[in-house]
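**Student:**
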């Protein structure tokens, strides 16, 4: 299984913009993730499992939505 960090980052950014929040405002709202971390993950870079879970809860989605299941031959 692979975590799709690019899709996750795009979803975080879309949700943030839909709510009219800046990176700093979202960071203030969450109180656990700094703006630079948010910026990196919105660019598609990986994040910690804890950060992913916090943001999934904030977006109201399951982390499963960002996991690609691949089967190796």
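In my numbering, the protein residues as written are 128 to 200. Positions of the beta carbon are idealized from the N, C-alpha and C atoms, including for glycine.
#1: Using a Cβ-Cβ cutoff of less than 6 Å, which residues in the same chain neighbour residue 195 once the five nearest sequence positions on both sides are dropped?
#2: For residue 181 and residue 157, which I take to be in contact (beta-carbon distance under 8 Å), what is that distance rounded to the nearest angstrom?
#3: Between the Cα of residue 177 and those of 171, 160, 154, spot the shortest distance and give me the residue it belongs to.
#4: Taking the beta carbon of residue 146 as the centre, do at least 16 other beta carbons fall within 10 Å, making it buried, or is it exposed?
#5: Output the distance between the C-alpha atoms of residue 216 and residue 171, rounded to the nearest integer angstrom.
**Tutor:** Working from what's here:
#1: Only 129, 131 meet the Cβ criterion.
#2: A Cβ-Cβ distance of about 6 Å is found for the pair residue 181 and residue 157, placing them in contact under the 8 Å criterion.
#3: Check the Cα spacing between residue 177 and each of 171, 160, 154: the tightest is with 160.
#4: Using a 10 angstroms sphere on the CB of residue 146, the tally of other CB atoms stays under 16, which defines it as exposed.
#5: This structure cannot speak to residue 216, because the chain is shown only from 128 to 200.
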